[in-house]
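This report concerns only the one structure given below.
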Amino acid sequence: MERRHFIKQAGAAVALAGVGGGVLAACSPPASNQENSQTSETQEKPVTMQNNEVITHYVLFWLNDGLSEQEISDFAGFFEELKTIPNIKSLHYGRAAATHPREVVDNSFTYNLLVFFDSMDEINVYETHPIHLGAIEKYSKFWNKVVVHDSVLKQAVV
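Counted the way mature numbering (1 follows the signal peptide of the UniProt record, and there is no 0) counts, the sequence shown spans residues -25 to -1, 1 to 133.
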């Protein structure tokens, strides 16, 4: 209990000094009704993160050789169509970065796509959605290879 009292006092002093509420929030244990009923420090379990699952759909595209830079840029229309599909949490796409060459780095792809969903049901809808299927039909002539990685990730929310 003395530690909790010290942390609260220190946090208040930091806030009064003008450092800001972010530091105070990071230093203070979460307030709850359970906290008020605890009688010893050994029962305390400070919570600093909450884990949630998020479904990721990560796709690499290798576009055909011989495309003009304009055709490669126009391929981004594929992603712009996909982002109109309902229930997408977020959608990001881009070209391969010119990072330093290393044995573990593969920048041979032209574009990548990263889409987040809240559930498996949502990605299942996305996979068979008419907008998705139509965009594939319209733009598949531009690629010669596609690799898909779907994952269930733990998302740390601070």
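Just so you know, even glycine gets a beta-carbon here, dropped at the ideal spot from N, CA and C.
For clarity, every value in this text was computed on a predicted model and none was experimentally measured.
In the DSSP assignment, what residue or residues form a beta bridge with residue i?
i	result
VAL122	LEU35
ILE30	PHE92 and VAL127
ARG70	TYR86
In this structure, does DSSP put residue i in helix, strand or coil?
i	result
SER65	strand
ASN87	strand
HIS107	helix
TYR60	The sequence shown places Ile at residue 60, rather than the Tyr named in the question. ILE60: coil per DSSP, three-state reduction.
ASP81	coil
PHE50	coil
SER115	helix
State buried or exposed for residue i, treating a residue as buried only when at least 16 other CB atoms are found within 10 Å of its CB.
i	result
ALA108	Just to set this straight, residue 108 is Leu in the shown sequence, not Ala. Classification for LEU108: exposed.
THR103	exposed
VAL32	It is worth fixing the name first, because residue 32 is His in this sequence and not Val. The residue is buried, with at least 16 neighbouring Cβ atoms inside 10 Å.
VAL90	buried
GLN9	With a pLDDT of 47 at GLN9, under the threshold of 50, the modelled position of this residue cannot be trusted, and the question is left open.
GLU78	exposed
GLU97	buried
Between the segment 69 to 84 and the segment 103 to 114, do at least 3 Cβ pairs fall closer than 8 Å?
no
Does the segment 120 to 130 come into contact with the segment 52 to 68, if we say contact requires no fewer than three beta-carbon pairs (one atom in each stretch) closer than 8 Å?
Counting Cβ pairs under 8 Å, fewer than three are found: no touch.
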